[in-house]
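**Q**
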Amino acid sequence: MATPRHHLVVRVTHWVNALALALMIGSGLRIFNAYPAFARQGETFCCYPFEGRPIPAWLTFGGWLAGARHWHFAAMWLLVANGLVYLAFVYLHGEWRDLVPRRGLLRDALEMTRFYLGLRKDHPRQGKHNALQRFAYFVMPVFGALAVVSGIAIWKPVQLAPITALLGGYVWARYWHFVAMLALVALSAAHVFMVFAVDPYALRAIVTGGYDESKSPEARNARPFRRLRPPRPPAGAKDAAEGGPR
Amino acid sequence: MSRLWLPRAHAAERLGLDRRSFLAGGGALAASLLGCDSRGPAAASGLLARSERWNERLERALFRHDAMNVAPARARAAGPSFPSYFISDEVPVWSEAERGRWRLEVGGLVRRPAELTLAELMELPRVDLRLEHFCVEGWSAVAVRTGVRLSELARRAGVSPDARAVDFQSFDDGYHESWDLESALHPQTLVVYGQDGQPLEPAFGAPARVYSPVKLGYKNTKYLTRILFLPAANGGYWSDQGYEWYGGV
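Residue numbers (this note's numbering), protein chains in the order written: chain A, 1 to 246; chain R, 1001 to 1249.
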């Protein structure tokens, strides 16, 4: 039995965000490749081990520097507008309660990790999201905001010099922009991995909105790639006792 | 350090630079929204052009004459590692034997057109500014620029109120870039004849060039010959090939 899980606004902004991030990251990497380093000319840079080595072309988008810049400076509006719609909705609709860190998050996240590592047998109790999800979905917009602010800082280092100065100057603003991108990529990759490895039923929820709680990871006691199938209907199943709903 | 980002990078960009094929770009359509070094669907070109116009309006609205560049105190001057770009096959050098004495022409919509020799230019009020340069490729570099404020030249020439743009022309194989008048009159926009306390070297645009931190590097014409005040912008070497025309920093 499917129950509504994600509001239409959340579903639409999720997929628009996926598209906007893909456009921004692809074109951003193409722009980065015009000077795949952080050091100011005549200086060295402390904190990037791959100075001077371009990103593989197949990961980039925009074709050439000017094209990638046109895409980047167009898709940024999509990313920002969509992000603001999402944040406004989450605030006004009260969904932020499922997303912001709360007391005990660290302990709960540790318990989730212990469960995934097989150090604990039963799935920790959770609300809409488990503690690790909660952490990831909270941190994602934070890095998004860092990407936007550092992006503005390297777009207008003279006209908006105070913002650039806040981030440590142009060279460091460029670095934080790159770090924010890496964090967003890492979070997205972990998110997609976990969807397929633990809760493929969430795909339906983020498309049509419906979610079958009886197939939730908590109900299945699911670790990555373990007990992916839903518990059999009570009629003739021996699995039911093991993973059935409480 | 690697040499990867030295001048060759821009030369490589030039190979793929036809704006028409960029805008028409039929082949890049399929499955091109993600990766593969694709230029993206051609159908998006109108959208991208509209977003460039919208961004330009925003950039003009953000523009302030009192927003100044201050190069970070701890930053090292790039000196000889400052990349040097030109579009001719070799470093353009003004040959007096062939072209006579170099002069900077200030003309167009002005009441008092002028032709200045280098010596005359150097007699005008001089400024020395330590500035951070921002290249479209993403690198930056610090140098001390010595020259004359463009606003000073404009004042002397008596720019007509009809002027909305300035074109900076060169003897580097037709290279030019036009600017909005506002950016040209920014107090840090200079006609530069010295860099790091030395006369400008041919690699960096001798005898004189435009320099301003409020524009990306490619807008700053080197090997300057003519400053034309115009009723409207008339493109530029890189802008005509698809780089954004405004190129503000």
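Here a beta-carbon is modelled for each residue, glycine too, at the ideal position from N, C-alpha and C.
The structure presented is a predicted model; accordingly, all values stated were derived computationally and were not measured.
#1: Ignore the nearest five residues each way along the sequence and tell me which others in phenylalanine 1134 of chain R's own chain have a CB closer than 8 Å to its CB.
#2: Give the straight-line distance between the Cα atoms of arginine 1099 of chain R and histidine 1176 of chain R, rounded to the nearest whole angstrom.
#3: Looking at C-alpha atoms only, which residue of R:Asp1128, R:Phe1168, R:Pro1231 is the closest neighbour of tyrosine 1223 of chain R?
#4: If distances are taken between C-alpha atoms only, which option among A:Val207, A:Phe196, A:Ser214 comes closest to arginine 226 of chain A?
#5: Please state whether DSSP places proline 271 of chain A in a helix, a strand or coil.
#6: What residue range is occupied by the uninterrupted alpha helix (DSSP H) comprising alanine 81 of chain A?
#7: With distances taken Cα to Cα, identify the nearest neighbour of serine 1051 of chain R among A:Phe61, A:Arg69, A:Thr44, A:Pro36.
#8: For the segment 1093-1131 of chain R, list the alpha helix (DSSP H) runs that are entirely contained and at least 4 residues long, ordered along the chain.
#9: Once DSSP output is grouped into helix, strand and coil, what is the label at proline 1080 of chain R?
#10: Cα-Cα, which of A:Gly52, A:Ile31, A:Thr3, A:Met24 is closest to lysine 37 of chain A?
#11: Compute the beta-carbon to beta-carbon distance between leucine 203 of chain A and alanine 147 of chain A, rounded to the nearest angstrom, for a pair I have assumed lies under 8 Å.
#12: Do alanine 1078 of chain R and alanine 1143 of chain R have their C-beta atoms within less than 8 Å of each other?
#13: Applying a beta-carbon distance threshold of less than 8 Å, which residues of chain A neighbour leucine 1047 of chain R?
#14: So for glutamate 43 of chain A, helix, strand or coil by DSSP?
#15: Can you find the residues in the same chain that come closer than 6 Å, C-beta to C-beta, to leucine 19 of chain A, ignoring five residues on each side of it along the sequence?
#16: Taking C-beta to C-beta, are glycine 67 of chain A and glycine 1236 of chain R nearer than 8 Å?
#17: Beta carbon of glycine 209 of chain A, beta carbon of arginine 5 of chain A: below 8 Å?
#18: When the Cα atoms are used, what is the spatial distance from leucine 228 of chain A to leucine 78 of chain A?
#19: In angstroms with no decimal places, state the Cα-to-Cα distance between glycine 1027 of chain R and glycine 62 of chain A.
#20: Under 8 Å between C-beta atoms, does alanine 34 of chain A make it to chain R?
#21: Helix, strand or coil: which one does DSSP assign to arginine 11 of chain A?
#22: Checking the sheet assignment: what are the DSSP bridge partners for leucine 1048 of chain R?
#23: Can you find a CB in chain R that lies within less than 8 Å of the CB of proline 217 of chain A?
#24: According to the neighbour-count rule (16 or more other Cβ atoms, all chains shown, within 10 Å of its Cβ), is aspartate 1173 of chain R buried or exposed?
#25: According to DSSP, is arginine 1209 of chain R part of a helix, a strand, or is it coil?
#26: Determine the direct distance from the alpha carbon of leucine 182 of chain A to that of phenylalanine 50 of chain A, and round the result to whole angstroms.
#27: With a threshold of 6 Å on Cβ separation, who are the neighbours of glutamate 1105 of chain R within its own chain once the five nearest residues in sequence on each side are excluded?
#28: Apply the 10 Å Cβ neighbour rule to aspartate 108 of chain A and answer buried if 16 or more other Cβ atoms are within range, or exposed otherwise.
#29: Among A:Val16, A:Gly26, A:Arg40, A:Ala39, which has the Cα closest to the Cα of tyrosine 86 of chain A?
#30: Please report the Cβ distance between leucine 1200 of chain R and valine 1192 of chain R, rounded to the nearest whole angstrom; I am assuming they are in contact, meaning their Cβ atoms lie under 8 Å.
#31: Please decide whether histidine 70 of chain A counts as near chain R, where near means a Cβ-Cβ distance under 8 Å.
#32: Mind pulling the chain A residues with CB within less than 7 Å of proline 1213 of chain R?
**A** Answer, in terms of the structure:
#1: Contacts found: Ser1140, Pro1213, Leu1216, Gly1217, Val1249.
#2: Rounded to the nearest angstrom, the two C-alpha atoms are 19 Å apart.
#3: Residue R:Phe1168 is the option with its Cα nearest to tyrosine 1223 of chain R.
#4: Ranking the options by Cα distance to arginine 226 of chain A, first place goes to A:Phe196.
#5: Only positions 1 to 246 of chain A appear in the structure, and residue 271 of chain A is not among them; the question remains open.
#6: Going by DSSP, alanine 81 of chain A is part of the alpha helix (DSSP H) stretching over 65-92.
#7: The option with the nearest alpha carbon to serine 1051 of chain R is A:Arg69.
#8: Positions of the alpha helix (DSSP H) runs, each at least 4 residues long and wholly inside the segment 1093-1131 of chain R, are given as 1096-1099, 1118-1123 in order along the chain.
#9: Residue state, collapsed to three classes: helix.
#10: Lysine is not the amino acid found at residue 37 of chain A; the sequence shown has alanine there. Minimum Cα distance to alanine 37 of chain A is reached at A:Gly52.
#11: Actually they do not touch by this definition, with Cβ atoms about 26 Å apart.
#12: Result yes, Cβ atoms of alanine 1078 of chain R and alanine 1143 of chain R sit closer than 8 Å.
#13: Residues of chain A whose Cβ lies closer than 8 Å to the Cβ of leucine 1047 of chain R are, in chain order, Ala74.
#14: In this structure, DSSP gives glutamate 43 of chain A a state outside helix and strand, which the three-state scheme calls coil.
#15: Counting only Cβ-Cβ distances below 6 Å, and skipping sequence neighbours, we find nothing.
#16: In this structure, glycine 1236 of chain R does not lie closer than 8 Å to glycine 67 of chain A by Cβ.
#17: Yes. Within cutoff.
#18: Their backbone Cα atoms lie some 35 Å apart in a straight line.
#19: Because glycine 1027 of chain R carries a pLDDT of 37, less than 50, the predicted location of this residue cannot be relied on, and the following value inherits that uncertainty. Whole-angstrom Cα-Cα distance: 13 Å.
#20: Chain R, which has a Cβ nearer than 8 Å to the Cβ of alanine 34 of chain A, makes this yes.
#21: Shown here, arginine 11 of chain A sits in a helix according to DSSP, grouped into three states.
#22: Note: leucine 1048 of chain R sits in no beta bridge, so no partner.
#23: Not closer than 8 Å to any Cβ of chain R, the Cβ of proline 217 of chain A fails to qualify, so no.
#24: Exposed, because fewer than 16 other Cβ atoms sit within 10 Å of the Cβ of aspartate 1173 of chain R.
#25: Look at arginine 1209 of chain R here: in three-state DSSP terms it is strand.
#26: Roughly 14 Å separates the two Cα atoms.
#27: Excluding sequence neighbours, glutamate 1105 of chain R sits near Glu1115, Arg1226.
#28: Answer is buried; the Cβ neighbour count reaches 16.
#29: Relative to tyrosine 86 of chain A, the option among A:Val16, A:Gly26, A:Arg40, A:Ala39 whose CA is nearest is A:Val16.
#30: Yes, they are in contact, since the Cβ atoms of leucine 1200 of chain R and valine 1192 of chain R sit about 6 Å apart, within 8 Å.
#31: Histidine 70 of chain A counts as touching chain R.
#32: The answer, in chain order, is Val158.
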